[in-house]
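See structure below.
Numbering (full-length UniProt numbering), first residue to last: 1 to 386.
Next up, the structure:
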């Protein structure tokens, strides 16, 4: 999906992938992250957000919940991490990384609520009265008050399978009455997902109906309960190109994820401000009939994986078509459309979510200067490996 863009816009990253694999420093099924470029991308997004007064929570799931990288984002002045689930929350807490937003796509299990609240997140998103009451009970015990945000939805909103949950607009009056009785909670935010999506036909990142729902929810809650909604959180496709769009819609917060690695759908068709900062490295395992097979482990069903660069180095390599495994199969291998030399390096660049893979993640600095140095190798959940 991004291979040609990466070769054209961050050629040294591809060269480093070949070099580090050839030297035996990284194994097949490793995502290689160009740390310097990643930090530059994050700074570009932050600088644009500062221009418009937009706050940012960085998302780390797509880069394997990597604590080393997250600490670099915090140095840039990001307001904390948005953790997609409770396991990611634990990674951030255990590595002393501030949580800005937790509970949006996955609610906090009851037994972890106290640990999360003690870490003092900015906001917890709730889907149900029951979960709000559990959070309130723990806050009361700890003598703390917690900001909460509601995930809201309406009939024509965009929702993804596996992510259903939230409060419907027509429930907000009754929901608000119950929530405002919980004295250890401060209801002061609303959110939804996705608020922006790339439209290939118009070649633009465009608003979704979910934004209208957020705005209506804010109006209902402020009017009915005399409260102040301080956060209108508008995630999805957050990058330099979309920051002004968040501002124009009245949003207060964005949550860059793929924007940080220059790998949103927008970046496939456009030379965005952010440069490609990540590739996937494998190795030819064997040939069978007229096909070759390289080691897998990093497959993501929505990757739009198309091509691989195969060879000894960038200058002596060939672009070959990739056939990913079917969705019902385990990705032991990726199929290549023609025979290749066994043990040659394979470099790919596609849309991924490292946290759902079994891959390793190599964080590499010095790529731009031509002196790549591995500063850490981690598993897909942010744990350092030998």
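Quick reminder that beta carbons are idealized off the backbone N, C-alpha and C, glycines included.
Use the C-beta contact count for residue i: other C-beta atoms within 10 angstroms, 16 or more gives buried, fewer gives exposed.
| i | result |
| --- | --- |
| residue 241 | buried |
| residue 144 | exposed |
| residue 330 | exposed |
| residue 266 | buried |
| residue 280 | buried |
| residue 53 | exposed |
| residue 106 | buried |
| residue 301 | exposed |
| residue 61 | buried |
| residue 48 | buried |
| residue 24 | exposed |
| residue 66 | buried |
My assumption, with CB atoms under 8 Å, is that residue i sits in contact with residue j. Please give the rounded CB distance.
| i | j | result |
| --- | --- | --- |
| residue 257 | residue 232 | Not really, about 19 Å apart at Cβ, beyond 8 Å. |
| residue 116 | residue 89 | 5 Å |
| residue 264 | residue 278 | Between residue 278 and residue 264 the Cβ distance is about 13 Å, and since that is not below 8 Å, they are no contact. |
| residue 308 | residue 347 | 7 Å |
| residue 208 | residue 158 | 5 Å |
| residue 168 | residue 153 | 6 Å |
| residue 92 | residue 255 | Actually they are not in contact, since the Cβ atoms of residue 92 and residue 255 sit about 14 Å apart, beyond 8 Å. |
| residue 37 | residue 349 | In fact, because the Cβ distance is near 13 Å, the residues do not count as touching under 8 Å. |
| residue 372 | residue 20 | 6 Å |
In whole angstroms, what separates the C-alpha of residue i from that of residue j?
| i | j | result |
| --- | --- | --- |
| residue 382 | residue 224 | 43 Å |
| residue 221 | residue 14 | 51 Å |
| residue 389 | residue 364 | Coverage of the chain is limited to positions 1 through 386, which leaves residue 389 absent and any answer about it impossible. |
| residue 323 | residue 230 | 47 Å |
| residue 213 | residue 151 | 10 Å |
| residue 139 | residue 175 | 20 Å |
| residue 132 | residue 358 | 34 Å |
| residue 305 | residue 1 | 5 Å |
| residue 354 | residue 298 | 7 Å |
| residue 180 | residue 129 | 11 Å |
| residue 344 | residue 310 | 7 Å |
| residue 64 | residue 338 | 31 Å |
| residue 342 | residue 326 | 23 Å |
| residue 166 | residue 211 | 15 Å |
| residue 190 | residue 161 | 21 Å |
| residue 42 | residue 375 | 19 Å |
| residue 292 | residue 268 | 27 Å |
| residue 82 | residue 163 | 16 Å |
| residue 238 | residue 46 | 11 Å |
| residue 32 | residue 204 | 29 Å |
| residue 316 | residue 113 | 54 Å |
With a CB to CB cut of under 7 Å and the five nearest residues on each side skipped, what residues in its chain are close to residue i?
| i | result |
| --- | --- |
| residue 295 | 28, 29, 282, 283, 285 and 333 |
| residue 80 | 57, 98, 99, 100 and 122 |
| residue 178 | 129 |
| residue 218 | 190, 229 and 232 |
| residue 77 | 46 |
Output needed for residue i: all residues of its chain with C-beta closer than 6 Å, excluding positions within five of it in sequence on either side, in chain order.
| i | result |
| --- | --- |
| residue 428 | Any question about residue 428 goes unanswered here, given that the chain covers just 1 to 386. |
| residue 377 | 360, 362 and 385 |
| residue 367 | 12, 13, 16 and 34 |
| residue 184 | 136, 139, 140 and 145 |
| residue 173 | 224 |
| residue 94 | none |
| residue 246 | 54, 234 and 254 |
Considering only residues of the same chain and omitting the five flanking positions on each side of residue i, which have a CB-CB separation below 8 Å?
| i | result |
| --- | --- |
| residue 11 | 314 |
| residue 44 | 240, 273 and 274 |
| residue 51 | 243 |
| residue 22 | 312, 313 and 345 |
| residue 289 | none |
| residue 303 | 1, 324, 350, 351 and 352 |
So, does the CB of residue i fall closer than 8 Å to a CB anywhere in chain B?
| i | result |
| --- | --- |
| residue 199 | Absence of chain B from the displayed structure is noted, only one protein chain being present. |
Mind pulling the alpha helix (DSSP H) runs of 4 or more residues that sit fully within the stretch 73 to 121?
-> Complete alpha helix (DSSP H) runs here, min 4: 86 to 94 and 113 to 118.
Continuous alpha helix (DSSP H) assignments of at least 4 residues falling wholly in the stretch 252 to 296 | 265 to 269
Counting only runs of 4+ residues fully inside the stretch 197 to 243, write out the alpha helix (DSSP H) ranges in chain order.
-> 210 to 225
Those runs of the beta strand (DSSP E) which lie wholly inside the stretch 8 to 42 and span at least 3 residues | 30 to 34
Output the residue ranges of the beta strand (DSSP E) runs that lie fully inside the stretch 154 to 182 and measure 3 residues or longer, sorted by chain position.
-> Counting only runs of 3 or more, we get nothing.
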